[in-house]
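Residue numbers (this note's numbering), protein chains in the order written: chain Z, 2 to 338; chain E, 6 to 251.
Structure, rendered in C-alpha cells:
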C-alpha cells in the first residue's frame, strides 16, 4: 500500500520532468532540452532561442502545469462535495459562469477605459464561478438524483455560454479581440503578471485544501458520519465551495474552457494510487492534472503545426472516454448491488 | 453519566419526541422500544448531535452538551447509525480507523495508540479477518460488525446504537448482544439503543423506555414493563395475534 503510493508519486514527478522538457523543446524552432536548461540557468548565447523559450514556451508549460493541477483539484473537491464521480467544474457549469463574468469584465473595461489587470480578472471569474455554483447548489437541494444534477449543471453551462456569445456579438470587435482566442481554450499568451497571479491563487488554494484533508476525509463517509466524528460540516462545505470555485474560476479566466480534466484526472489518479484518501489524492490530483494538461498542450500545438488545436479538443479526446468508463463502471456497480 | 432532561426532539418546527427524561450510568444499557415512526431514531440522532435539541438538556458527566465543543463531544460519544457510510476504495480497517478521528492531529494521521485501539476493537467484534477486505464488498451483517468496531475503537463513554441488530441473522444477533454485554462490563460504557426484538431487549437491558407517538409511556426495569399486556397495548396488537406469534 505504502509502496504503491511512493511509486505513484515518483512516477508523476518523473512524468512532469520529462514532459516539461519535451514541452519546452518541442515546436517549430528546435531547442534541445540541454540548450533549454542552459538558457534557463542564464548561460544562453542564442537570443532568438532565449526569447522563444522564456517568453513563449516556458510560461506556456508552466501555465499548463499549474492550471491543469487547479482543474483536477477543483474537480476532485466537487466530486467529494456532491458524492458524485462525474461532477466537475465544466459539467456543472461553473467554468462557464466564470467565463461569462470575465467576458462582462473585459467589455466593461474596454468601454470605460477602466484598466483590467490579472487580479481583477481572477476576481471576476471567482464571482462568476460562485454565482454558477450557487445555482447548482440551489438545484441540488431540490434534486436528489446525481445524474439529473449533472444535466442541470450542463444546462447552466449552456445558458452562461449563450449569454457570453450574445455579449461578445454585441461588443465591438476591438473589445473582444482577446475573447476569441480564449473562447476555445489555450495555455498560450500568458504574460508573467498573469502567471504570478495564477501561481499565488493556485498555490494558496492548494495549501488550504491540503490542510483540509482531514475533514474532507470525514466528509467522504457522508454527512451524518462526519458530524458524528466532530466535524463542523457547514464550515467544511463552505470552504470546499469557495476553494473549488476559486480554482476553476482562475482557470476559466486565464485559459478559457478546458474540458474533462476535472473528472478524468481524479479518477485516473485514484486508480493509479489505489486509494481515495484526501491526504494522498489532493497533491496527487494536482500533479496529475499538471501532467495531463502539459501532454494535452504538447499534442495541441504539434499535431497540426504550424497551426494549433484548441486545448479542449485534445483534453476531450483524452478525457471523455475516461468519463464514459466511469459511468459504465458506476452502472455496473449499481447493478451488482 | 448520560442525563437527559425534558428533551424535545424533531426537525425544525416538527416536534417528534416530547419531554423525554432518563439517566444512564456507565456499564448500563437503556433501550428504546416502540413502533416504527415513534421517535426512537429522532431521539438517538439528537443525542448523537446530528440534529439540535428543540428544548431540554443533555448532560454528559454533568457537563451540558451546549457547553461542549464538537471534538470533545465526539471523543465521548460514538454512534452507529442506520445509514451506511459511503466508502470509496476503503478497506474494513480504514473504516474502523475513522472511528479514531477525534484523536488525530491536523492531517488525521493515526498514531500507534490509534492503530492499536482499532485492531483491538476489530478483535473484540470478530472482524479482524475482514481487515483487508473492501468495505463495499462484505455482507450487511459483516458491515454491521465493522461499524460496531468503528464505534468501539473510539473508546467512548457513551455508545448510541440505532437498531444495531436489524441486518443480522440469529447467530450474529446473539453474538452481537454478547459483545455488547462484554463491552459495557469491561469498559463501563453507557449504551443507549433502539431495538425491535422485545425479548432480546428484555434480556440485555437494565432499563427500557417505551415510546409511543413520541411520548414516553413507561420507563423502568424490563421485567416490570415488558409483559404481555403492556406490549399488546404498546404496539397496538390484538391479544390473539400476540398469543399466536410471540
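Quick reminder that beta carbons are idealized off the backbone N, C-alpha and C, glycines included.
All figures in this text were calculated on a predicted structure; none of them were measured in a lab.
Pairing residue 266 of chain Z with residue 90 of chain Z, the inter-Cα distance amounts to about 13 angstroms. Nearest CB-CB separation between residue 91 of chain E and chain Z: below the 8 angstroms threshold. Within the DSSP secondary-structure output, residue 16 of chain E pairs in a beta bridge with E:19. DSSP places residue 61 of chain E in the strand class (E or B) of the three-state scheme. Contact between the region 83–101 of chain Z and the region 142–157 of chain Z is present: three or more C-beta pairs spanning the two stretches fall below 8 angstroms. Only buried fits residue 126 of chain E, as 16 or more other CB atoms lie within 10 angstroms of its CB. The Cβ of residue 57 of chain Z sits no closer than 8 angstroms to any Cβ of chain E.
In the three-state reduction of the DSSP assignment, residue 200 of chain E falls in the coil class. Separation of residue 50 of chain E and residue 58 of chain E (C-alpha to C-alpha, rounded to the nearest whole angstrom) is 9 angstroms. Annotated as proximal: residue 249 of chain Z and residue 99 of chain Z, with beta-carbon spacing under 8 angstroms.
With a minimum length of 4 residues, the unbroken runs of alpha helix (DSSP H) contained wholly in the region 37–87 of chain Z fall at 48–52, 59–83. Straight through space, the alpha carbons of residue 184 of chain E and residue 54 of chain E are spaced by roughly 25 angstroms. Between residue 187 of chain E and the set E:204, E:131, E:171, the nearest pair of CA atoms involves E:131. Closest by C-alpha distance to residue 142 of chain E, out of E:89, E:176, E:15, E:44, is E:89.
For residue 84 of chain E, the uninterrupted beta strand (DSSP E) run begins and ends at 82–85, by DSSP. Proximity of residue 55 of chain E to chain Z, defined by a Cβ-Cβ separation below 8 angstroms, is satisfied. By the C-beta density criterion, residue 111 of chain E is exposed, having fewer than 16 other C-beta atoms within 10 angstroms. Here the alpha carbon of residue 203 of chain E sits roughly 22 angstroms from the alpha carbon of residue 23 of chain E. By the beta-carbon neighbour count (other beta carbons within 10 angstroms, threshold 16), residue 61 of chain Z is buried. Going by C-alpha positions, residue 216 of chain Z is about 30 angstroms away from residue 31 of chain E. Fully contained in the region 67–149 of chain E are the following alpha helix (DSSP H) runs of length 4 or more, in chain order: 75–81, 97–102, 117–129. Burial check for residue 232 of chain E: the Cβ neighbour count within 10 Å stays below 16, so the residue is exposed. The beta-carbon separation of residue 133 of chain Z and residue 97 of chain Z, rounded to 7 angstroms, stays under the 8 angstroms limit for a contact.
Taken through DSSP and simplified to helix, strand or coil, residue 224 of chain Z comes out as helix.
Distance from the CA of residue 54 of chain Z to the CA of residue 119 of chain Z, rounded to the nearest whole angstrom, comes to 22 angstroms. With its beta carbon at least 8 angstroms from every one in chain Z, residue 220 of chain E lies outside the interface. In the structure shown, residue 26 of chain E adopts extended strand secondary structure according to DSSP, grouped into three states. Put simply, the region 117–125 of chain E touches the region 90–109 of chain E. At least three CB pairs are less than 8 angstroms apart.
Taking a beta-carbon distance threshold of 8 angstroms, residue 214 of chain Z counts as an interface residue toward chain E. Relative to residue 81 of chain E, the option among E:91, E:87, E:69, E:92 whose CA is nearest is E:69.
Within the region 220–307 of chain Z, the complete alpha helix (DSSP H) segments at least 4 residues long are 224–229, 234–256, 262–274, 279–303, listed from N- to C-terminus. Per DSSP, reduced to three states, the secondary structure at residue 158 of chain E is coil, with no helix or strand assignment. Taking 8 angstroms as the CB threshold, residue 113 of chain E lines the interface with chain Z. Residue pairing of residue 223 of chain E in beta bridges, as defined by DSSP: E:215. Chain E places no beta carbon closer than 8 angstroms to that of residue 239 of chain Z, leaving this residue out of the contacts. Taking a C-beta distance under 8 angstroms as the contact criterion, residue 159 of chain E and residue 83 of chain E qualify as a contact pair.
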